[in-house]
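> Residue numbers (our numbering): 1 to 437. Note that CB positions come from ideal geometry on N, CA and C, so glycine has one too.
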Ligand code: PLP
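#1: By the DSSP assignment, the beta strand (DSSP E) with residue 338 in it spans what residues?
#2: Taking 7 angstroms as the line, does the beta carbon of residue 71 fall inside it for any heavy atom of the ligand PLP?
#3: Can you determine whether any heavy atom of the ligand PLP sits closer than 7 angstroms to the C-beta of residue 276, and answer yes or no?
#4: Just mark residue 87 as buried or exposed, buried being the case when its beta carbon has 16 or more other beta carbons within 10 Å.
#5: Going by DSSP, what residues sit across from residue 63 in a beta bridge?
#6: If you follow the alpha helix (DSSP H) that residue 324 is in, where does it begin and where does it stop?
#7: If you reduce the DSSP assignment to three classes, tell me which class residue 52 lands in.
#8: Need the endpoints of the beta strand (DSSP E) that residue 371 sits in, please.
#9: Under 6 angstroms Cβ to Cβ from residue 363, same chain only, skipping five residues before and after it: list those, please.
#10: Which ranges does the beta strand (DSSP E) cover as unbroken runs of at least 3 residues, wholly within the stretch 188-220, from first to last along the chain?
#11: Suppose contacts are defined by Cβ-Cβ distances below 8 angstroms. Is residue 107 in contact with residue 290 by that definition?
#12: Determine, using beta-carbon pairs with one atom in the stretch 110-120 and one in the stretch 176-192, whether at least three such pairs fall under 8 angstroms.
#13: Which class does residue 291 belong to by DSSP, given the choice of helix, strand or coil?
#14: Can residue 251 be considered in contact with the ligand PLP, in the sense that its beta carbon sits closer than 7 angstroms to one or more heavy atoms?
#15: What residue range is occupied by the uninterrupted alpha helix (DSSP H) comprising residue 141?
#16: Sorry if obvious, but does the Cβ on residue 115 come closer than 7 angstroms to a heavy atom of the ligand PLP?
#17: Quickly, what does DSSP pair residue 360 with across the bridge? List them, please.
#18: Whole alpha helix (DSSP H) runs in the stretch 108-168 with 4 or more residues, listed along the chain?
#19: How close, in whole Å, do the beta carbons of residue 361 and residue 351 come, if the pair is a contact with beta carbons under 8 angstroms?
#20: Quick check: the Cα distance between residue 401 and residue 52, rounded to an integer number of angstroms?
#21: Pull the bridge partners of residue 381 from the DSSP assignment, please.
#22: Classify residue 344 as helix, strand or coil using the three-state DSSP reduction.
#23: Which residues bound the alpha helix (DSSP H) around residue 427?
#24: Comparing C-alpha positions only, which one of 149, 163 and 143 sits nearest to residue 404?
#25: Residues in the same chain with beta-carbon distance under 8 angstroms from residue 205, minus the five sequence neighbours each way, listed in chain order, please.
#26: Assuming residue 155 and residue 140 make a contact with CB atoms under 8 angstroms, what is their CB distance in whole Å?
#27: Since residue 314 and residue 60 should fall inside the 8 angstroms C-beta cutoff, what is the C-beta to C-beta distance between them, to a whole number of angstroms?
#28: CA-CA distance, residue 382 and residue 373?
#29: Quick check: the stretch 40-47 against the stretch 267-277, are there 3 or more CB pairs under 8 angstroms?
#30: Distance check for residue 410 and residue 12, CA to CA, integer angstroms please.
#31: Take the Cβ of residue 76 as the centre, count every other Cβ of all protein chains shown within 10 Å, and call the residue buried at 16 or more, exposed below.
#32: Tell me which same chain residues have a C-beta within less than 7 angstroms of the C-beta of residue 167, skipping the five on either side of it?
#33: Do residue 68 and residue 326 have their beta-carbon atoms positioned less than 8 angstroms apart in this structure?
This is the structure:
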């Protein structure tokens, strides 16, 4: 069909005619129409402007339409748009070098994927091959992707109708505000969560567990910064029982927390690291597995049974190279750290003081969350209707928020300015105030 008049209405009609949505009841969708963007801003067809405090699915770390990344993709388009993974290609080799440069010492290979889910699939596959074991332990409060093992490893409600992969076991990871361990402070939470994990390993069979898979900072589950000592304790358990440790840095990695990788905050080195999203801000779909020498060595003389037609796709690789270079040149990771520490964290503290419905605020860098409650004493999550009103109030005021369950995740691009961050906080503040009227 020919669409002569492109506007919010015609674009939405076309979308609703044919597009099948992720994680949705298809009959009741009313999407926002977005035409274009730049930096932290998005526009519809009527010139309506939105401040993007979601970074979409927490992936546009470098902001929308960064010209240096666009130019690199355009240059690669002219050189070679696609090439099989079995050929050596300069863009792919360079991207591997640049991604590996951000990993801890001891990592020497990277396997490129199309996104985060298949990064986790392949990390699990590598851990199983290298250990000769099958079980994978992961946290109930987690999201690892929508495919086979990645969704079975996921902790949240999306796993339950999708448990077709075998060998997955879950445990409770730390979350002091809603402690599963009756903990009163971070130290108790860490020690007791580690004791619980030890018991799960023992009960599942100490020689049966191939991998422990953890988001370094669980994202979708609520931006749950692990307490001091927890990740080091998990590392020690993995070592004690010969288990491969996988950190999922798909959402937390590449600037989001104000460090290149979230694990840099904790000084703990896993055996495998999965990444996607921020590595090239999703300008071209990409993800991958960073492989430590301890694991990569296994595959020097053993077959790796895995592969993807688009592993190391040249356009994705060019986008990775330009994104990482630009993040370095423009100190975008430093910006995320400064905005987090100087604007978002104090701003969220103020919001918590002003609004009774705020139960907790927490996070690192531009990876922060506001947890809303009915009542501060009972900590009962704020009801879905009020959350819906709050979301509508923010959009009405020109803010594109990231709302999950009873939380607002405050996750603007890492390039957000202090002024933009204050604008966003002010809209959140006004929207919270509107709840009471
Ligand atoms: N892991 C984490 C921590 C994520 O947040 C996500 C996506 O939100 C994924 C994995 C899956 O990534 P993708 O949607 O690119 O497959």
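Let me lay it out:
#1: Segment 332-339 is the alpha helix (DSSP H) holding residue 338; no beta strand (DSSP E) there.
#2: no
#3: yes
#4: exposed
#5: Partner(s): none; residue 63 has no beta bridge.
#6: 314-329
#7: strand
#8: 367-372
#9: 223 and 369
#10: 209-215
#11: yes
#12: no
#13: strand
#14: yes
#15: Counting along the chain, residue 141 falls outside any alpha helix (DSSP H), and DSSP gives it neither H nor E.
#16: yes
#17: 371
#18: 116-131 and 148-153
#19: 7 angstroms
#20: 7 angstroms
#21: 373
#22: helix
#23: 418-435
#24: 143
#25: 135
#26: 4 angstroms
#27: 21 angstroms between Cβ atoms; not a contact.
#28: 4 angstroms
#29: no
#30: 27 angstroms
#31: buried
#32: 134, 135 and 136
#33: yes
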